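Mapping the sequence shown onto my numbering, position 368 (from 1) lands on 994, and the numbers just tick up by one.
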Amino acid sequence: MKITSVKARVFQWKGKTVPPSQHFCSNAKDLLWSKGDSMGTFRFHDWAVIEIETDTGLVGIGNVALAPRIAKEIIDIYLAPLIIGHDPFDYEYLWQLMYRSTLAWGRKGIGMAAISGVDIAIWDLMGKATGKPVFKLLGGRTKETIPVYASKLYRTDLDEMQREAQSYLDQGFNMLKMRFGYGPNDGPQGMRENIKSVEAVREVIGDDVDLMLECYMGWNLEYAKRMLPKLEKFEPRWLEEPVIADDIDGYAELNQLTTIPISGGEHEFTSHGFKELLDKRAVSVIQYDTNRVGGITAARKINALAEVYSVPVIPHAGQMHNYHLTMSTLASPISEFFPVHDVEVGNELFYYIFEGEPVPQNGCINLDDNTPGLGISISDKYLNDFNIIE
627 MKITSVKARV
637 FQWKGKTVPP
647 SQHFCSNAKD
657 LLWSKGDSMG
667 TFRFHDWAVI
677 EIETDTGLVG
687 IGNVALAPRI
697 AKEIIDIYLA
707 PLIIGHDPFD
717 YEYLWQLMYR
727 STLAWGRKGI
737 GMAAISGVDI
747 AIWDLMGKAT
757 GKPVFKLLGG
767 RTKETIPVYA
777 SKLYRTDLDE
787 MQREAQSYLD
797 QGFNMLKMRF
807 GYGPNDGPQG
817 MRENIKSVEA
827 VREVIGDDVD
837 LMLECYMGWN
847 LEYAKRMLPK
857 LEKFEPRWLE
867 EPVIADDIDG
877 YAELNQLTTI
887 PISGGEHEFT
897 SHGFKELLDK
907 RAVSVIQYDT
917 NRVGGITAAR
927 KINALAEVYS
937 VPVIPHAGQM
947 HNYHLTMSTL
957 ASPISEFFPV
967 HDVEVGNELF
977 YYIFEGEPVP
987 QNGCINLDDN
997 TPGLGISISD
1007 KYLNDFNIIE
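Written out as structure tokens, the structure is:
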């Protein structure tokens, strides 16, 4: 089997979106003086879809959510010519070929995200060629089902947050994640608002439900050190991305400072990046996203590394490319799940582009042992809501 073509398309959402609200979610831009929607550059309303075809007629599907228009150019110009004519089962060679050919500029960030999309499509191809789901190629089933946590609860009106939290309990979830809306520039009053939001959610869910807290890089080291003692009484399962991804020493200091596990890695890349995090004991939970970190080929190496360090891997964003990895390794105890709703930040856009995502039942999802590849296809249900760049 040989690869004959690589096609990258960008799906630009033009349908209904939920308008941004103030203090919706803290983020890395919050420390700057600026006006308007600070979350604007962190909304993913475009998505790149990669289709790799072979001389057997099989087509593998991958995807990229980060800067998809740039990712498409990287794939079209740099990556596609490298892999056409090769056997997709030589996936390690193809990954190294893409990685080493773009090393001068592609080892982190959008270059690696583009490689990720191609690599995911290659694994989908291998699954389809063997008639096996991808997780069976990675190690097989390690758990009966995958427990998932409901991941939304952006900072809104506190009553609204409580109603939303209750809705997840009613659906059978016993793990939830919420976002903070305030950071250093909001002063002591913002700190009190952050605490109020955690109190409001805990009031609804009680003490027997895991609660995760996310900062999305919106704090700095000094602010996080002031906030952590105030948060310990709520016993969160983790505090996510308290500082920017490049402040690895800051992560390490916080992780040794508090009883709250510090999590991160959504914005880190390849096993080299995670080795540094692990060596410095900078995180207690790893949260790569397979369509950023280097694809399935890179992610499986990170899983093996994390298992040695006894650090759990809980991939960012759910989605099938992450679920197959979670199913196939004991390093990953649970997964994230973004509830299906109107397009807001953009993670939910996955459901508008693809079909085949599993639906949680009592807080768990399952993967079919008999569906080849990743188990997703491109949906035609919402095509009129997209501009598609070929």
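Yeah, the Cβ is synthetic: ideal placement off N, Cα and C, and Gly gets one too. These figures come from a predicted structure and were not determined experimentally.
Exercise. Assuming M801 and D836 make a contact with CB atoms under 8 Å, what is their CB distance in whole Å?
Worked result: Between D836 and M801 the Cβ distance is about 4 Å, and since that is below 8 Å, they are a contact.
Exercise. Could you give the residue range of the beta strand (DSSP E) that holds D836?
Worked result: In this chain, the beta strand (DSSP E) harbouring D836 covers D836 to E840.
Exercise. CA-CA distance, A654 and G743?
Worked result: Taking the straight line from one Cα to the other gives about 25 Å.
Exercise. Per DSSP, what kind of secondary structure is T952 in: helix, strand or coil?
Worked result: DSSP places T952 in helix when its eight states are reduced to three.
For this session: Please list the segments of the alpha helix (DSSP H) lying wholly inside the region 918 to 996, counting only runs of 4 or more residues, in order along the chain.
Result: Within the region 918 to 996, the complete alpha helix (DSSP H) segments of 4 residues or longer fall at 921 to 935, 946 to 953 and 976 to 979, listed in chain order.
For this session: May I ask which residues mark the beginning and end of the beta strand (DSSP E) holding A654?
Result: Here A654 belongs to no beta strand (DSSP E), and DSSP marks it neither H nor E.
Problem set entry | Residue(s) in a DSSP beta bridge with Y775 | Bridge partners of Y775 according to DSSP: E962.
Exercise. Exposed or buried, I1052, counting other C-beta atoms within 10 Å across all chains shown (16 or more means buried)?
Worked result: In the structure as shown, the chain starts at 627 and stops at 1016, and residue 1052 therefore has no counterpart that could be examined.
For this session: Can you check the region 738 to 766 for any alpha helix (DSSP H) of at least 4 residues that lies completely inside it and give the ranges in chain order?
Result: Correct list: 760 to 764.
For this session: Compare the beta carbon distance of A730 and I696 with 9 Å and say whether it is the shorter of the two.
Result: No, the Cβ-Cβ distance between A730 and I696 is not below 9 Å.
For this session: Using the Cα positions of S631 and K927, report the straight-line distance between them to the nearest angstrom.
Result: Rounded to whole angstroms, S631 to K927 spans 27 Å at the Cα level.
Exercise. At what residue ranges does the region 826 to 913 contain a whole run of the beta strand (DSSP E), taking only runs of 3 or more?
Worked result: Taking only runs of at least 3 residues, the beta strand (DSSP E) segments lying wholly in the region 826 to 913 are 836 to 840, 864 to 866 and 888 to 890.
For this session: Quick one: using the 10 Å Cβ neighbour count with 16 as the cut-off for buried, is T682 buried or exposed?
Result: That one is exposed.
Exercise. Residues in its own chain within less than 7 Å of H967 by CB, not counting five upstream and five downstream?
Worked result: So the list reads E974, once near-sequence residues are dropped.
Problem set entry | DSSP bridge partner residues for G711 (one or two, in chain order) | Secondary-structure assignment with DSSP links G711 through no beta bridge to anything.
For this session: Compute the Euclidean distance between the alpha carbons of G732 and L705, then round it to the nearest angstrom.
Result: Straight across, the Cα-Cα distance linking G732 with L705 is about 11 Å.
For this session: Identify the continuous alpha helix (DSSP H) that holds Q638 and give its terminal residues.
Result: In the DSSP annotation of this structure, Q638 is not part of any alpha helix (DSSP H); the continuous beta strand (DSSP E) holding it starts and ends at I629 to W639.
Exercise. Of the residues R852, V824 and K754, which one's Cα is nearest the Cα of L880?
Worked result: Answer by Cα proximity: R852.
For this session: Examine the Cβ distances between the region 933 to 942 and the region 744 to 757 and report whether three or more of them are shorter than 8 Å.
Result: By the Cβ criterion, the region 933 to 942 is not in contact with the region 744 to 757, since fewer than three pairs of Cβ atoms, one from each stretch, lie closer than 8 Å.
For this session: Using beta-carbon positions only, say whether V774 and P694 come within less than 9 Å of one another.
Result: No, these two residues do not count as a Cβ contact at 9 Å.
Problem set entry | Selection from A826, S910, S889 and R863 that minimises the alpha carbon distance to R789 | Looking at the Cα atoms, A826 is the closest of the given residues.
Problem set entry | Cβ neighbours of P965 in the same chain (closer than 8 Å, five flanking residues each side left out) | If we look at P965 and ignore the five residues flanking it on each side, its Cβ neighbours are A776, S777, K778, Y794 and E974.
Problem set entry | Range covered by the alpha helix (DSSP H) that runs through G732 | Where G732 is concerned, the enclosing alpha helix (DSSP H) stretches over L729 to G732.
For this session: Since I believe I979 is in contact with R947 (beta carbons under 8 Å), could you give me their beta-carbon distance rounded to a whole number of angstroms?
Result: Note that residue 947 corresponds to His in the displayed sequence, not to Arg. Rounded, the Cβ-Cβ distance is 13 Å, inconsistent with contact.
Exercise. Can the beta-carbon of K734 be found less than 9 Å from the beta-carbon of I676?
Worked result: No. Outside cutoff.
For this session: Spell out the partners DSSP gives K803 in its beta bridges.
Result: The bridge partners DSSP lists for K803 are S777 and M838.
Problem set entry | Simplified DSSP assignment, three categories, for F668 | F668: helix per DSSP, three-state reduction.
Problem set entry | Beta-carbon proximity list for T595, same chain, < 6 Å, skipping 5 on both sides | The shown model of the chain, from 627 to 1016, leaves out residue 595, and the question about it has no answer.
Exercise. Alpha carbon to alpha carbon, how far is I886 from G757?
Worked result: So the alpha carbons of these two residues sit roughly 43 Å apart.
For this session: Have a look at G832 and Q882 and give me their C-alpha separation to the nearest angstrom.
Result: Looking at the two C-alpha atoms, the distance is approximately 27 Å.
Problem set entry | C-beta atoms of I709 and L723 nearer than 9 Å | For I709 and L723, yes; Cβs fall inside 9 Å.
For this session: Mark L903 as exposed unless 16 or more other C-beta atoms lie within 10 angstroms of its C-beta, in which case mark it buried.
Result: So L903 counts as buried.
For this session: Can you grab the Cα-Cα spacing for the pair Y808 / C651, in whole Å?
Result: Looking at the two C-alpha atoms, the distance is approximately 7 Å.
Exercise. Based on the DSSP secondary-structure assignment, which residues constitute the bridge partners of N689?
Worked result: N689 pairs with V675.
Exercise. Between E1016, Y1008, I888 and I870, which lies nearest to E894 when the distance is taken from Cα to Cα?
Worked result: Of the candidates E1016, Y1008, I888 and I870, the residue whose Cα lies closest to the Cα of E894 is I870.
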